[in-house]
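All remarks here apply to the structure that follows.
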Amino acid sequence: QLEMAREAASAAEAALEQSRAAAREARDREAAARADVRRVEEEHTAVQGRLAALEGLERERVGLAPAAAKLLRERERFGSDAVLGPLSDFIGADAAVAAQIERFLGATVHAVVVRDRAAADAVRAWHSETNPGALLLLPLDALHDGNGNVAPDELAARVRAEGAGGNWVRALLGKVKATPEGNGFIDARGAMWLPAKDSGSAGPLTRRAELEELRATLANVDLR
């Protein structure tokens, strides 16, 4: 019985040592997990801060041409759905493509889509009174629906034409191709447009692309 007790005690000591080793391993894993949580929480805070800052800029239309921004602030005076929004609201693209589209469109990226020619005439009268600066209007009824066929190498194929202004997006970017080096653009007539080098400041389309990416990143961080 004494020998059996000794064997049981030895087995118990071995089991105890195994349990202690498992406990140490578990504590190490817990410490590592807590460190991971802290890192993810810091990343979450950083992404959320950047997202909030960009959303604030988007709400205030920072970076949009002054006349377009003023029109959007006063859009209610023209009636419901008369002023639909800036062209950039109807273009979906990733950050790299957004920057290229902004280079091609130049000031046209600040154009404002309006419901029809009557709305454009009302805005024209307002523009004459207030003189807010240069403004490009894109009435929806000025275009006929196209056949929707876009070649894979055209700029229109590299973006998502979204919402009511989609026809204008296709009209402006269709039949336009980037040069092989990406430093210029050629339209259907063969005219070549060589824009200035990037100024370094992101336009409204680039900001929208970054917002999309940040929202996707934030959702991923939430899961982690």
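Start counting the sequence shown at -11; every next residue gets the next number (our numbering). Ideal placement from N, C-alpha and C gives every residue a C-beta, glycine not left out.
- By the Cβ rule, the segment 95 to 112 counts as touching the segment 64 to 78, because three or more pairs are nearer than 8 Å.
- Apart from the 5 residues on each side of it in sequence, residue 131 sits with its Cβ closer than 8 Å to the Cβ of 155, 156 and 159 in its chain, given in chain order.
- Of all C-beta pairs linking the segment 24 to 41 to the segment 74 to 88, fewer than three are shorter than 8 Å, placing the two stretches out of contact.
- For residue 71, there is no enclosing alpha helix (DSSP H); the enclosing beta strand (DSSP E) covers residues 71 to 74.
- Boundaries of the beta strand (DSSP E) harbouring residue 100: 100 to 102, taken from the DSSP string.
- Non-local C-beta neighbours of residue 57 in its own chain, meaning closer than 6 Å and more than five positions away in sequence, comprise 49, ordered along the chain.
- Excluding sequence positions up to five before and after residue 85, its CB lies within less than 8 Å of the CB of 146, 147 and 197, all in the same chain and listed in chain order.
- Counting along the chain, no alpha helix (DSSP H) covers residue 125; the unbroken beta strand (DSSP E) around it starts and ends at 125 to 127.
- One alpha carbon belongs to residue 44, the other to residue 7, and they sit about 54 Å apart.
- Taking 8 Å as the cut-off, the beta carbon of residue 143 is found no closer than this to the beta carbon of residue 124.
- For secondary structure counted as the beta strand (DSSP E) over 3 or more consecutive residues, the segment 41 to 98 holds these complete runs in sequence order: 71 to 74.
- In its chain, beyond the 5 residues on either side, 88 have a beta carbon closer than 8 Å to the beta carbon of residue 170.
- Per the C-alpha coordinates, the member of 137, 139, 107 and 178 positioned closest to residue 128 is 107.
- If you draw a 10 Å sphere on the C-beta of residue 90, you find 16 or more other C-beta atoms in it, and that means buried.
- Looking only at 206, 194 and 202, the smallest Cα-Cα distance to residue 83 is reached by 194.
- By a beta-carbon distance limit of 8 Å, residue 53 contacts residue 121. Their separation comes to about 7 Å.
- Judged by DSSP secondary structure, residue 107 falls within the alpha helix (DSSP H) whose first and last residues are 105 to 118.
- Annotation for residue 192: 51, 52 and 76 place their beta carbon closer than 6 Å to its own, counting only its chain and skipping 5 residues before and after.
- Contact between residue 153 and residue 182 does not hold, since their C-beta atoms are separated by about 27 Å, which reaches or exceeds 8 Å.
- A Cβ-Cβ distance of about 23 Å is found for the pair residue 93 and residue 202, leaving them out of contact under the 8 Å criterion.
- In the three-state reduction of the DSSP assignment, residue 142 falls in the strand class, which pools E and B.
- When DSSP states are grouped into helix, strand and coil, residue 148 belongs to the strand group.
- With a 10 Å radius around the Cβ and a threshold of 16 neighbouring Cβ atoms, residue 80 comes out buried.
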